[in-house]
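Colleague: In this note's numbering, the protein residues as written are 1 to 121. All residues carry an ideal CB built from backbone N, CA and C; glycine is no exception. Predicted model, so just to flag it, every value in this text is computed and none were measured. Okay, here's the structure, questions in a sec.
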Ligand SMILES: [Zn+2]
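Encoded structure:
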């Protein structure tokens, strides 16, 4: 499942200037990417700030026998995750099991939703 999701994300077509993104549904139209909103915060941001501070501090004050390896790894993972989330938050699309985790615009999504409902009846 994670692989499918990853594939859908990787196959997203974004215009060169990053302002338009292509629907992976039937219509295949280009939609404007949602402008970055500072109002959206994530619990990761707090953790990232805390880890960065911790690592920065550790570089100033050498803690004997402790390299902060785990913290560095955790920070790298969080940053990667946050970057991905940032892109996904800005997509004007929906993605779920119905669309095989592909990113559909609202009209393609409701069509897929409808046909999946018909199948399950
Ligand atoms: Zn569409």
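#1: Does the beta carbon of residue 15 fall short of 8 angstroms from some heavy atom of ligand 1?
#2: In chain order, what residues of the same chain have a beta carbon less than 7 angstroms from the beta carbon of residue 55, not counting five sequence neighbours either side?
#3: Which of helix, strand or coil does DSSP assign to residue 105?
#4: With a threshold of 8 angstroms, establish whether the CB of residue 26 neighbours any heavy atom of ligand 1.
#5: Is residue 29 a contact residue of ligand 1, with contact defined as CB to any heavy atom under 8 angstroms?
#6: Roughly how many angstroms separate the alpha carbons of residue 89 and residue 61, rounded to a whole number?
#7: Residues in the same chain with beta-carbon distance under 6 angstroms from residue 129, minus the five sequence neighbours each way, listed in chain order, please.
#8: Pick helix, strand or coil for residue 48, following the three-state DSSP scheme.
Modeller: On the basis of the coordinates in this document:
#1: Not so, every heavy atom of ligand 1 lies at least 8 angstroms from the Cβ.
#2: The answer, listed in chain order, is 68, 71, 72 and 75.
#3: When secondary structure is reduced to three states using DSSP, residue 105 falls in the coil class, being assigned neither helix nor strand.
#4: Answer for residue 26: yes, Cβ within range of ligand 1.
#5: Yes.
#6: Distance between the alpha carbons of residue 89 and residue 61: 38 angstroms.
#7: Because the chain in this structure spans residues 1 to 121, residue 129 falls outside the shown range and cannot be described.
#8: Secondary structure at residue 48: helix, using DSSP grouped into helix, strand and coil.
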